[in-house]
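The structure under discussion appears below in the form of structure tokens.
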Amino acid sequence: MRVAIAGAGLAGLACAKYLVDAGHQPIVYESRDVLGGLVAAWEDEDGDMYETGLHAFFGAYPNMLQLIEELGISDRLQWKEHALIFNQPEKPGTYSYFKVPNIPAPFHVITSIIKNNDMLTWEQKFKFALGLWPGVVFGKKYVEEMDKYSLLEWLRKQGVDDRVNSDIFIAASKALTFINPEDVSATIPLTAINKFLRERYGSMVALLDGSHSERLCQPIVDYFTERGGSVQMNKPL
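Going by my numbering, the first residue of the sequence shown is number 2, and it counts up by one from there.
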């Protein structure tokens, strides 16, 4: 069966890959001249690559990591030290590390919070760790029910003070969604946070050894075009 796919972003390309695996003939139509959609990257006149900022892979991305493994390009992922790193607003150019120890979840993340002495007082550490606990105990059902709150409303409901929000969650929310905590549904960042808390390596970060368009998207295209699929660039529907 021939299947038309609108857009050569990661979703469209992954769809084409798995359709061709299932014996179908995908045809991907992309309106622009670059692969990747939201993760696309462009080369400027100096030869440098620039992108939208969606460049990190977390250990909590099982489907993405499986796709990369199936393509045989896992060696292109550069895994970093297991730590969450934040800029300190009151100390420009200074970073604070939440180093995550190699111990079972959820104690690995909670330990990283307790050991951080740069950004949090002991009272803030306690409230921060306690505020995250419902997601661990009640899981996905609880996370989905929190859609009625913004992230900022949820933090305040849990007793997490505004200093933790300004120093940590504004950065975390924008990194995950590009949206401020007062505007984003609590369910969206809590979904990621819940995985970080429940999986030992969920918050571990990897970066590609080049641009997504060349080092990830092109191998997907090569995979399904070699098996009968096709991609047509500059072809808006």
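Quick reminder that beta carbons are idealized off the backbone N, C-alpha and C, glycines included.
For Gln219, I'd like the list of residues in its chain whose CB is within less than 7 Å of its CB, leaving aside the five on either flank, ordered along the chain.
-> Leu36
Going by DSSP, name the residue or residues bridged to Ile111.
-> Answer is none; Ile111 lacks a bridge partner.
Among Leu156, Glu124, Thr122, Asp119, the one whose alpha carbon lies nearest that of Gly136 = Leu156
Have a look at Thr122, Tyr143, Thr188 and flag the residue whose alpha-carbon is nearest the alpha-carbon of Leu153.
-> Thr188
CB Glu203 to CB Phe59, shorter than 8 Å?
-> Reading the sequence as shown, one finds Gly at residue 203 and not Glu. A contact, by the Cβ cut-off of 8 Å.
Own chain partners of Gln79 with C-beta closer than 7 Å, once the 5 adjacent residues on each side are dropped | Ala207, Leu208, Asp210
For Ile86, is the classification buried or exposed, using 16 other Cβ atoms within 10 angstroms of its Cβ as the cut-off for buried?
-> exposed
Of the residues Ala106, Gly48, Leu177, Ser113, the one placed nearest Val138, counting alpha carbons only | Ala106
Entirely enclosed alpha helix (DSSP H) segments - the region 31-78, minimum 4 residues = Counting whole runs of 4 or more residues, the region 31-78 contains the alpha helix (DSSP H) stretches 63-72.
Proximity below 8 Å, CB of Ala61 to CB of Ala193 = Yes, the pair counts as a contact, with Cβ atoms nearer than the cut-off.
Phe129 versus Ala172 - alpha carbon distance = 15 Å
Give the straight-line distance between the Cα atoms of Asp148 and Asp184, rounded to the nearest whole angstrom.
-> 12 Å
Compute the Euclidean distance between the alpha carbons of Ala9 and Asp47, then round it to the nearest angstrom.
-> Ala9 and Asp47 have their C-alpha atoms roughly 26 Å apart.
If we count the other Cβ atoms within 10 Å of its Cβ and call it buried at 16 or more, is Leu131 buried or exposed?
-> exposed
Beta strand (DSSP E) runs wholly inside the region 167-213, at least 3 long, in chain order | 206-209
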